[in-house]
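A quick write-up on the structure given underneath.
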Amino acid sequence: MPPSGVPRVALSRLPGERVRVVGADGERELPASELAAHVAEIEQDGARWVWDDTARWYPPLLEAGVRVARCHDLRLSRRILTRAPAVDRDLLEGDDADLWDRLGPAVAALPTLFPVDDRIEHLDAGVEDRRQLAAVAASSEAGRLRLLLAAESAGALAAAEMTHAGIPWSREVHERILDEQLGPRPPRGARPAELEALANELRELLRTPGLNPDSRPELLAALQRSGLTLTDVRASTLRRQTHPCIEPLLRYKRLSHLFSNNGWEWIDQWVRGDRLHPAYQPAGSSTGRWSSNGGGALSIPMQVRPAAVADEGWCLVVADVAQLEPRVLAGMSNDHALAGAARGADLYQAIVDDGAVASRAEAKVGMLGALYGATTGDSGRMLPALMRRYPRAMGLVEDAARAGERAQVVRTQLGRGSTIGGADDWGHTDEGAPADPDAQASRRRSWGRFTRNFVVQGTGAEWALCWIAELRNSLWRLGGQGALTARPHLVFFLHDEVVVHAPSELADKVTACLTEAAASAASLVFPDVSIDFPLNVTVVRSYAEAGK
DNA sequence: CACTTTTGCGCC
DNA sequence: AGGGCGCAAAAGTG
Numbered sequence: 022m023p024p025s026g027v028p029r030v031a032l033s034r035l036p037g038e039r040v041r042v043v044g045a046d047g048e049r050e051l052p053a054s055e056l057a058a059h060v061a062e063i064e065q066d067g068a069r070w071v072w073d074d075t076a077r078w079y080p081p082l083l084e085a086g087v088r089v090a091r092c093h094d095l096r097l098s099r100r101i102l103t104r105a106p107a108v109d110r111d112l113l114e115g116d117d118a119d120l121w122d123r124l125g126p127a128v129a130a131l132p133t134l135f136p137v138d139d140r141i142e143h144l145d146a147g148v149e150d151r152r153q154l155a156a157v158a159a160s161s162e163a164g165r166l167r168l169l170l171a172a173e174s175a176g177a178l179a180a181a182e183m184t185h186a187g188i189p190w191s192r193e194v195h196e197r198i199l200d201e202q203l204g205p206r207p208p209r210g211a212r213p214a215e216l217e218a219l220a221n222e223l224r225e226l227l228r229t230p231g232l233n234p235d236s237r238p239e240l241l242a243a244l245q246r247s248g249l250t251l252t253d254v255r256a257s258t259l260r261r262q263t264h265p266c267i268e269p270l271l272r273y274k275r276l277s278h279l280f281s282n283n284g285w286e287w288i289d290q291w292v293r294g295d296r297l298h299p300a301y302q303p304a305g306s307s308t309g310r311w312s313s314n315g316g317g318a319l320s321i322p323m324q325v326r327p328a329a330v331a332d333e334g335w336c337l338v339v340a341d342v343a344q345l346e347p348r349v350l351a352g353m354s355n356d357h358a359l360a361g362a363a364r365g366a367d368l369y370q371a372i373v374d375d376g377a378v379a380s381r382a383e384a385k386v387g388m389l390g391a392l393y394g395a396t397t398g399d400s401g402r403m404l405p406a407l408m409r410r411y412p413r414a415m416g417l418v419e420d421a422a423r424a425g426e427r428a429q430v431v432r433t434q435l436g437r438g439s440t441i442g443g444a445d446d447w448g449h450t451d452e453g454a455p456a457d458p459d460a461q462a463s464r465r466r467s468w469g470r471f472t473r474n475f476v477v478q479g480t481g482a483e484w485a486l487c488w489i490a491e492l493r494n495s496l497w498r499l500g501g502q503g504a505l506t507a508r509p510h511l512v513f514f515l516h517d518e519v520v521v522h523a524p525s526e527l528a529d530k531v532t533a534c535l536t537e538a539a540a541s542a543a544s545l546v547f548p549d550v551s552i553d554f555p556l557n558v559t560v561v562r563s564y565a566e567a568g569k
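Just so it is clear: in the first sequence, position 76 is 97 by the numbering used here, and no numbers are missing.
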């Protein structure tokens, strides 16, 4: 991702559905509807498109059959730069700076509901672009920040492309699953037959006629009347109990969740034709991970994955990174012992072979506990051993936790800064009264757990961004002709996992792209240390066959 | 009544 | 006294 030497073309919206295009060769204005027709000619010199929000500009271009090679997303980049410890915030001040700060994400699933502030609607992209370039150039970490902004922007392109393309989805398979488990589709507002039958069974077993199992207080009271000692009705709590009602109740909960979250209405809303179109929000979470604002891309349950089926003659290539976060920790802490363990397919087994702990299960729970800040239980017990063997890695997350407890900002490998966690409020309750020392200390520790995890989760997100940025380019180069969806293309991304939809005969080449992109990501994010990021890759017809 | 918060579950 | 999310329904609030 060469950061410089690429011509930049700034796009701004003008009143009257027109756009201004400012490039090295001058400036022109045209109707917004004609932009797609001019993209190829403007992009001939390999320009980078500079615009306020990829989610706003790119979907109509994709609809018009245009793929954009590279962009700079000013909104996402500004969010990074304003929070980056290595950036002088003053350099981001100036005309309309406050408006740029207020610029919210376009919600892909909805058109703009209310008239936005006219000044926000017609911000000048060129002005903000020059500010950001200057702020990066003046930073002591210009190189890493350029990489981060390029990867973030490429991710925004990939997100729009995935929503546009959609996951190949068989309505027929999905509805068969629903029918088998729930019965026929009920009228709106009614329970499916299977849920109603289970509800009746529970009413009998708990001797509570009229019980509504969806009401937690009702359910809890009925369970307590039946002699069970519990204070909540979570599945994990129920599983510890012995009573004839437990099995049907757990089944009720599972099916009820399927019905309401991924049932017929979900299909109607998010499946168009034979594609599922969830909406992604790049950097939607504070650590830089993506979130989803429509379609539930973060939790497509195993139960319905059989419905994700490749087109005839095509396949799904599913890949996930094995133990991304511990590997990232090895890289950023430069812990040679942990880096050694990370050099191979099974990091947890390597920790055992290292003599740090006795079993793979202990290695896993101990390492995850270290990343999340567990202090007690099985994982907390492993910490001293891990600390002895991997002092630099464990020291890094410990330092991050201590910094958070002192209300200091921490940063990822590429320079994304954590937000300040309302430290002003630590001394007070939510109602504004002075908090007691215990509550205060609890909030400090809580924020420490956040910053501890932030550095690792955030750097993991950066590695993954570089991975998909490289991947979308190499898949495009892999060839084929015509539109994006006529070639091998990304259809799904979730934290450390991707799905590519590709003609079956290209499966091997796609697999190679995935592996090479992972190697590129590793050397981009960790240029000075060699860490392996092994992938589990499977080539399948249906997503459900790719067991994790 | 509309609105916000809480609960509990899904995913990593 | 273990991190990050979204979602739907129930429960709580004005």
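Where is the CB? At the ideal position from N, CA and C, for every residue including glycine. These figures come from a predicted structure and were not determined experimentally.
If you draw a straight line from the C-alpha of residue i to the C-alpha of residue j, how long is it?
i       : j       : result
Pro-106 : Ala-58  : 41 Å
Pro-23  : Pro-189 : A caution first: Pro-23 carries a pLDDT of 42, below 50, which makes its placement in the model too unreliable to give a value.
Ala-89  : Arg-96  : One point to set straight first is that residue 89 is Val, not Ala, in the sequence displayed. The alpha-carbon atoms of Val-89 and Arg-96 are separated by roughly 18 Å.
Val-339 : Thr-250 : 44 Å
Arg-165 : Leu-435 : 5 Å
Ala-543 : Arg-34  : 38 Å
Gly-176 : Arg-562 : 26 Å
Arg-246 : Glu-239 : 11 Å
Gly-37  : Asp-289 : 35 Å
Tyr-411 : Leu-511 : 37 Å
Trp-291 : His-298 : 6 Å
Ala-68  : Ala-159 : 23 Å
Glu-467 : Arg-49  : In the sequence under discussion, the amino acid at residue 467 is Ser, which differs from the Glu named in the question. Their Cα atoms are separated by approximately 52 Å.
Gln-370 : Gly-469 : 29 Å
Using a Cβ-Cβ cut-off of 7 Å (strictly less than) and excluding sequence neighbours within five positions of residue i, which residues of its own chain qualify?
i       : result
Ala-351 : Leu-359, Ala-360, Ala-363, Ala-414, Ile-552
Gly-479 : Thr-308, Gly-309, Thr-433, Arg-437
Ser-495 : Cys-534, Glu-537, Ala-538
Leu-134 : Unreliable placement is indicated for Leu-134, whose pLDDT of 46 sits below 50; no coordinate value is reported for it.
Ser-525 : Gly-334, Trp-335, Cys-336
Ala-181 : Thr-75, Ala-76, Tyr-79, Pro-80, Leu-83
Arg-465 : Glu-426, Trp-447
List the whole-angstrom C-beta distance separating residue i from residue j, where the pair is believed to meet the contact cut-off of C-beta under 8 Å.
i       : j       : result
Ala-300 : Gly-315 : 4 Å
Ile-63  : Val-42  : 7 Å
Leu-270 : Leu-223 : 6 Å
Leu-120 : Ile-141 : 5 Å
Glu-173 : Ala-304 : 6 Å
Ser-320 : Ser-312 : That pair is no contact at about 11 Å.
Gly-115 : Arg-152 : 6 Å
Thr-397 : Arg-104 : Not quite, the Cβ-Cβ distance comes to about 32 Å (not below 8 Å), so this is no contact.
Val-477 : Glu-346 : 5 Å
Glu-383 : Met-403 : 6 Å
Ala-331 : His-516 : Rounded, the Cβ-Cβ distance is 22 Å, inconsistent with contact.
Hey, residue i and residue j: beta-carbon distance below 8 Å or not?
i       : j       : result
Val-418 : Ala-391 : yes
Arg-473 : Gly-394 : yes
Arg-545 : Val-519 : Note on identity: in this sequence residue 545 is Leu, with Arg being the wrong assignment. In this structure, Val-519 does not lie closer than 8 Å to Leu-545 by Cβ.
Gln-324 : Leu-279 : yes
Ala-31  : Asp-122 : no
Cys-266 : Leu-232 : no
Arg-77  : Ala-127 : yes
Pro-205 : Ala-214 : yes
Arg-228 : Tyr-564 : no
Gly-387 : Ser-400 : yes
Let me make sure I understand the geometry here. Which of the options has the alpha-carbon closest to that of residue i?
i       : options                            : result
Glu-537 : Ser-525, Val-550, Phe-554          : Phe-554
Gly-365 : Val-342, Gly-387, Met-183          : Val-342
Ile-372 : Thr-397, Ser-354, Asp-457, Ala-406 : Ala-406
Phe-547 : Ala-384, Thr-258, Glu-483          : Glu-483
Arg-167 : Asp-94, Glu-182, Arg-409, Gly-147  : Asp-94
Leu-556 : Glu-383, Thr-532, Arg-465          : Thr-532
Gln-65  : Gly-44, Arg-465, Thr-263, Asp-420  : Gly-44
Gly-294 : Trp-497, Ala-171, Arg-192, Gly-481 : Arg-192
So, at 8 Å on beta carbons, what are the nonlocal neighbours of residue i in its own chain, with the 5 sequence-adjacent residues on each side left out?
i       : result
Arg-272 : Leu-219
Arg-296 : Ala-186, Gly-187, Ile-188, Pro-189, Trp-190
Glu-566 : Thr-559
Val-148 : Gly-115, Asp-116, Asp-117
Excluding the 5 residues preceding and the 5 following residue i in the sequence, name in chain order all residues of the same chain whose CB lies nearer than 6 Å to its CB.
i       : result
Ala-156 : Leu-102, Val-108, Leu-112, Leu-113
Val-71  : Arg-29, Ala-31, His-93, Ala-146, Asp-150
Ala-344 : At residue 344 the sequence reads Gln, which differs from the Ala that was named. Counting only Cβ-Cβ distances below 6 Å, and skipping sequence neighbours, we find Leu-368.
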